[in-house]
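Here is the structure we will look at.
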Amino acid sequence: MHTIDTDVVIFGGGIAGLWTLNVLRQAGFEAILLESTALGEGQTLRSQGIIHGGMKYALSGLLSPDAEAIADMPALWRQCLNGQGPVDLRKVKVLSEHHYMWSESSLAARLTTFFGSKMLRGRIEAVTGEARPSLLQSPSFKGTVYRLNDVVLDVPSLITTLANQHLDHIYQISSPNCLIEVDDHHHTRAIVLTRHQKEPLKILPKWLVLAAGKGNQELMLHLGLQSPAMQIRPLHMVLMKQKGLPPFYAHCIGTSSKPRLTITSHPCSDGDLLWYFGGELAEQGVERDTQMQIEEAQRELRHLFPWVDHSGARWKTLRIDRAEPEQEQFMKPDHAFARLCGNAVVAWPTKLALAPNLAQQILALLQAQGAKPVAAPLTKRLDLPLPPFGPTLEQLMRNL
Ligand SMILES: Cc1cc2nc3c(=O)[nH]c(=O)nc-3n(C[C@H](O)[C@H](O)[C@H](O)COP(=O)(O)OP(=O)(O)OC[C@H]3O[C@@H](n4cnc5c(N)ncnc54)[C@H](O)[C@@H]3O)c2cc1C
2 MHTIDTDVVI FGGGIAGLWT LNVLRQAGFE AILLESTALG EGQTLRSQGI IHGGMKYALS
62 GLLSPDAEAI ADMPALWRQC LNGQGPVDLR KVKVLSEHHY MWSESSLAAR LTTFFGSKML
122 RGRIEAVTGE ARPSLLQSPS FKGTVYRLND VVLDVPSLIT TLANQHLDHI YQISSPNCLI
182 EVDDHHHTRA IVLTRHQKEP LKILPKWLVL AAGKGNQELM LHLGLQSPAM QIRPLHMVLM
242 KQKGLPPFYA HCIGTSSKPR LTITSHPCSD GDLLWYFGGE LAEQGVERDT QMQIEEAQRE
302 LRHLFPWVDH SGARWKTLRI DRAEPEQEQF MKPDHAFARL CGNAVVAWPT KLALAPNLAQ
362 QILALLQAQG AKPVAAPLTK RLDLPLPPFG PTLEQLMRNL
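Read in order, the letters of the sequence shown are residues 2 to 401 in this note's numbering.
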């Protein structure tokens, strides 16, 4: 059996695994990432790409701990986009330098008081006239618009940029052919990968990182770990394609503490954009079937933008589960989560925006255990395939 030693094996090639691979390798660790399907598959490529600073969580009227934990993230990502942060993201495409929030006129007063408060100054700014997104420049629009510090990224280019810097350390595995050897103390000794018509490959890692999103549950089972528990938050997202859609990146604020509707725009190969709808529409739409969910989205658009004709649009819906560490009363977690169990770190970023924070936590956990880079660097690629890149939203929409 061919055997190799390595410092860290990371399971999962979404944002959590890829960012962590970058950070650990920069810190000198010999780290290998194993992906069972495709890079970005799962939640990451289905996300809306908003690197938010938590402003949407502040809607409850108070700046919650949730908002504080995430407040520094847009600035850190902007540093990375300029090539000055912990990870080089200069090749990532920025879809919008800002995300916006808007409310209908009936709610404007509540928001003006809240967003005008001293606490939020500098993080959010009311905009008028031509500073508004083009869609909200119509004379028929009567609400209030705020510009947030958040940047919106093209997630496929983010995944490609992170992966391309370490392609020789990224491998595709087939989960049924991956055997994890664990001792009585939940300590992983070896990962044995059986291969068609080839001798098995045995990887001996000092440490593991479980960054497989929803797949963490099954990996934890293999490791005999009962905790940390995971919770699943199902979403029913909506996709809309129509010729000539303007770029639009905004949360619509309703009466509740969560955005009523979040719209982002994503480039397609024909040069047009598709609109992707999340927010409460997607959370509450889990109970609706496809047709009902599309009708609900159409109703929302007619109500919010009565001056726009969307009669020629094509519609699809997409179901996807968010994977999070379990919280009391099924609350949304307010920070990235990483916990050491034996020699494995179980990790969920909980938000795309928090991936840098998660990777730093993982590095700190390993260093606190005395982990040091010791394994010899790989001199050539292992004889395992490179995983493909997962589908873009346009490709997903075509195949739904
Ligand atoms: C619809 C939607 C919109 C969102 N929008 C935003 C947003 O705008 N801003 C934001 O900050 N956050 C957003 N999020 C949250 C964010 O997308 C997730 O928190 C983040 O992508 C999770 O990344 P991950 O790497 O942990 O998991 P995933 O992206 O799910 O990746 C897990 C990877 O592990 C692989 N895998 C699974 N099992 C195994 C195994 N046994 N071995 C090896 N590999 C395995 C999977 O194939 C997958 O590639 C959104 C989430 C959703 C669902």
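Glycine included, C-beta positions come from ideal geometry on N, C-alpha and C.
Keep in mind the model is a prediction, meaning the values are calculated, not measured.
| Asked | Found |
| --- | --- |
| Is it right to say Pro201 is buried, meaning 16 or more other beta carbons lie within 10 angstroms of its own, or is it exposed? | exposed |
| Decide if Ala230 is buried, meaning its Cβ has at least 16 other Cβ atoms within 10 Å, or exposed. | exposed |
| Checking the sheet assignment: what are the DSSP bridge partners for Pro326? | Met231 |
| Which term fits Gly272, buried or exposed, when burial requires 16 or more other beta carbons within 10 angstroms of its beta carbon? | exposed |
| Between the beta-carbon of His237 and the beta-carbon of Arg320, is there less than 8 Å? | yes |
| How is the beta strand (DSSP E) around Cys342 delimited, first residue to last? | 338-342 |
| I want to check one thing, is the minimum distance from the CB of Thr351 to the heavy atoms of ligand 1 below 7 Å? | yes |
| Indicate, with yes or no, if ligand 1 has a heavy atom lying under 7 Å from the CB of Ala70. | no |
| What are the boundary residues of the alpha helix (DSSP H) that Val88 is part of? | Note, Val88: premise wrong, no alpha helix (DSSP H); not H, not E. |
| Let's test the definition: count the other Cβ atoms within 10 Å of the Cβ of Glu131 and tell me whether it reaches 16, buried, or not, exposed. | exposed |
| Ignore the nearest five residues each way along the sequence and tell me which others in Arg315's own chain have a CB closer than 6 Å to its CB. | Lys242 |
| If I follow the unbroken alpha helix (DSSP H) through Ser266, where does it start and stop? | That residue, Ser266, is in no alpha helix (DSSP H); its beta strand (DSSP E) goes 260-268. |
| Where does the unbroken alpha helix (DSSP H) through Val10 begin, and where does it stop? | No alpha helix (DSSP H) holds Val10; the beta strand (DSSP E) holding it covers 3-12. |
| Go through its chain and collect everything with a Cβ distance to Leu136's Cβ below 6 Å, but skip five positions before and after it. | Pro247, Phe249 |
| Between Glu327, Leu82, Leu90, which has its C-alpha nearest Lys215's C-alpha? | Glu327 |
| Grouping DSSP H, G and I as helix and E and B as strand, with all else coil, what is Gln410? | Residue 410 is absent from the structure shown; the chain starts at 2 and stops at 401. |
| Compute the Euclidean distance between the alpha carbons of Lys381 and Val146, then round it to the nearest angstrom. | 54 Å |
| Using DSSP with H/G/I as helix, E/B as strand and the rest coil, what is Gly216? | helix |
| Which residues bound the alpha helix (DSSP H) around Arg79? | 74-82 |
| Can you give the Cα-Cα distance for Ser139 and Leu282, rounded to whole angstroms? | 24 Å |
| Here's the rule: buried if 16 or more other CB atoms are within 10 angstroms of the residue's CB, otherwise exposed. What is Val152? | buried |
| Could you check whether the Cβ of Thr4 sits closer than 7 Å to any heavy atom belonging to ligand 1? | no |
| Are there any heavy atoms of ligand 1 lying less than 7 Å away from the beta-carbon of Gly84, as far as the coordinates show? | no |
| Name the residue from Gly15, Val183, Pro87 whose alpha carbon lies nearest to the alpha carbon of Trp208. | Val183 |
| Does the region 354-368 come into contact with the region 259-266, if we say contact requires no fewer than three beta-carbon pairs (one atom in each stretch) closer than 8 Å? | no |
| Does the Cβ of Gly18 lie closer than 7 Å to at least one heavy atom of ligand 1? | yes |
| Does ligand 1 have even one heavy atom less than 7 Å from the beta-carbon of Glu200? | no |
| Is it the case that the CB of Ala360 approaches a heavy atom of ligand 3 more closely than 7 Å? | Because ligand 3 does not appear in the structure shown, any question about it cannot be addressed here, the ligands present being ligand 1. |
| By DSSP's criteria, Tyr147 is part of a beta bridge. Which residues make up the other side? | Met102, Ala127 |
| What's the call for Gly280, buried or exposed, on a 16-neighbour Cβ count within 10 Å? | buried |
| Whole angstroms are fine: how far does the CA of His311 sit from the CA of Glu219? | 43 Å |
| Along the chain, where does the beta strand (DSSP E) containing Glu182 start, and where does it finish? | 179-183 |
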